[in-house]
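Residue numbers (my numbering): 100 to 526.
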C-alpha cells in the first residue's frame, strides 16, 4: 500500500509540474504576443519652452511601459496653432490621443471636439475612483471646467505672468526694482532706461494669444468677459490699452515685436524689463549673461494686481477604449511628482498637483530658482483665463488682431469696441 501511495504521489507531482510548465509556456506566449498600443501626444512646447523636457518624459515613459509607445508631436503657434491642427485632424478622422489644451480654448474644445472626460476615464479604468480629487485642489480643477461646470481635462501646466528685469541695467541707471509694483512705475523706469541708454525699457509678450494684455485690463479694474459676453471695451479696458499704446508709439519705450524676438531681445540685453510667462524662467536663466531677477505682476494705481492663470490641461481625444486606457495611463504618469518636477525644471511652469507643490524636490528647486516664487505666490488668487463658449478660435483671433492694430497706431476706443461687437455677435 505504501508503495502504491508513493507512486501515486510521484505521478500527481509529475502531472502538476507538467501543468505548471505548460501554463508558464502559454502565459509567456500570450505575453510575447501582447500588442504594443501606440498613442500620439500633441503639445505646444518649443525647445525654448519645455520641448526638451517633453522628450525626456516621453522617453522615460516608453522605457517603463513595455506595451505602450507614446510619440510626441510639437505644434507651432502655441495653443491656437494646436487647435487649428486638431480641427483638421478631426475632419480627416485621424485625431491624436492626448492633447495640450490652453485655458483660453477650454469651452471651444468642449463644444467642438470628441473627448473622454477625466471623470469618465477614472470611472472606466481605475479600480479606485479617487485619483482626481486626491491629486488636485478644487481651485486648480476649476481652471479645467467648461462654462457648464464639467471637467474637460486635467490641469497640467500652470503659470502666471511675471515681470523679469535686468538687474544689472536697472542698477546702472538708478532704477529701484521696488518701483515696478505699478504699471505707472514700470513706465517711468522704461523712460529712464530709454533716455539713458537708448535701449527699450519694456517688452510685453505677444504670442498667438492675448493673455498678457488681458492681465493689463484686469489689473486696471476692467473685465474681459461678463456673463459669456466680451466686455473689454470698457473705460478701464480702453485706459489700459491706451497706456500700453502710448508706451509703444508715443514714448517709444516699449517694444512691439513677436514673442520669440521680444524674449531674445531681453535675453540679449536690448530690453530692460520683460512681462511674460514664468514658463520662460528656465530659458531666461540659462541664456542671460547679466544679473536677472523677477517680481510679481504690476497693477495700475488704485487697483490690485489680477492675473489670469496660464498654461494648459491634458485632454484625451483617443476614440477607442484601448487607446483611451493607454492615454489615461500616460496622463497619470505625467502627474507623478518626479515627472512634474522634471517638467518644472525644464520650463518654469508650476506643478498643478498638491503633492508635487509640497514635495521636497520642488521646494528645493524653488529655493534655487527664486524667479519662480513671484508666480507661485500669485497662483492662489489667479483667475481663470477667459474662454468664450462659442467660436473660441475666432474670438481669440479677433482680440489678437485688435492688439496688433492698436500697437500699430489705430484708435484704441474704436478698435476695442469693434472687436467686442464682433465677438459678441458670434456668441
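Where a beta carbon is used, it is the ideal one built from N, C-alpha and C, also for glycine.
Residue 141 - DSSP class collapsed to helix/strand/coil: Strand.
Selected residue, minimal CA-CA separation from residue 519, among 397, 480, 333: Checking every option, the nearest Cα to that of residue 519 belongs to 333.
Spatial neighbours of residue 149 in its chain, beta-carbon cut-off 6 Å, leaving aside the 5 residues before and after: 445, 446, listed in sequence order.
Buried or exposed (CB count within 10 angstroms, at least 16 for buried), residue 424: A buried status is given to residue 424, since no fewer than 16 other beta-carbon atoms sit within 10 Å of its beta-carbon.
Start and end residues, alpha helix (DSSP H) containing residue 217: Segment 217-224, the alpha helix (DSSP H) holding residue 217.
For residue 369, the nearest candidate out of 340, 490, 268 (CA to CA): Closest option to residue 369, Cα to Cα, is 268.
Supposed contact pair residue 208 and residue 408 - C-beta distance, whole angstroms, cut 8 Å: By a beta-carbon distance limit of 8 Å, residue 408 does not contact residue 208. Their separation comes to about 16 Å.
Of the residues 172, 153, 152, the one placed nearest residue 141, counting alpha carbons only: Checked all of 172, 153, 152; the closest Cα to residue 141 is 172.
Contact check, residue 415 vs residue 220, beta carbons under 9 Å: In this structure, residue 220 lies closer than 9 Å to residue 415 by Cβ.
Integer Cβ distance of residue 474 from residue 449, believed to fall under 8 Å: Indeed they touch by this definition, with Cβ atoms about 6 Å apart.
Boundaries (first-last residue) of the alpha helix (DSSP H) holding residue 285: Taken as a continuous stretch (DSSP letters only), the alpha helix (DSSP H) holding residue 285 covers 282-296.
Uninterrupted beta strand (DSSP E) stretches inside the segment 339-412 (no shorter than 3 residues): Correct list: 370-376, 391-394.
Simplified DSSP state of residue 512, which is helix, strand or coil: Helix at residue 512.
Residue 485, DSSP secondary structure in three states: Taken through DSSP and simplified to helix, strand or coil, residue 485 comes out as coil.
Endpoints, the alpha helix (DSSP H) within which residue 179 is located: Its alpha helix (DSSP H) spans residues 177-191.
Complete alpha helix (DSSP H) runs within the segment 416-467 (minimum length 4 residues, chain order): Under the rule that a run must span 4 or more residues, the alpha helix (DSSP H) segments found entirely inside the segment 416-467 read 420-433, 436-446, 453-457, 459-467.
Neighbourhood of residue 413 by C-beta, 7 Å cutoff - its chain only, sequence neighbours within 5 removed: Taken in chain order, the residues that qualify are 197, 199, 252, 253, 255, 430, 433.
Chain-order list of residues whose beta-carbon lies under 6 Å from that of residue 470 (same chain, five-residue window excluded): The answer, listed in chain order, is 380, 393.
Inter-stretch contact (C-beta, 8 Å, three-pair minimum) for the segment 282-299 and the segment 387-403: Below 8 Å, enough C-beta pairs join the segment 282-299 and the segment 387-403 to call them touching: three or more.
Terminal residues of the alpha helix (DSSP H) in which residue 207 lies: DSSP places residue 207 inside the alpha helix (DSSP H), whose first and last residues are 205-211.
DSSP three-state assignment for residue 157, whether helix, strand or coil: In the structure shown, residue 157 adopts helical secondary structure according to DSSP, grouped into three states.
Residue 166, buried or exposed, once every other Cβ within 10 Å from all chains shown has been counted against 16: The Cβ neighbour count for residue 166, taken over all protein chains shown within 10 Å, is under 16; the residue is labelled exposed.
Beta carbon of residue 383 nearer than 9 Å to that of residue 373: By the CB criterion at 9 Å, residue 383 and residue 373 fall inside the cutoff.
Status (buried if at least 16 other CB within 10 Å, exposed otherwise) for residue 119: The predicted position of residue 119 is uncertain, since its pLDDT is 46 and thus under 50; a value taken from the coordinates is nonetheless stated next. Exposure of residue 119 is indicated by the presence of fewer than 16 other C-beta atoms within 10 angstroms of its C-beta.
Environment of residue 410 [buried if 16+ CB atoms lie within 10 Å]: Residue 410 counts as buried, since no fewer than 16 other beta carbons sit within 10 angstroms of its beta carbon.
7 Å CB neighbourhood of residue 153 in its chain, flanking five on each side removed: So the list reads 142, 144, 171, once near-sequence residues are dropped.
Contact with chain C by residue 432, beta-carbon distance below 9 Å: This model lacks chain C altogether; it includes just one protein chain.
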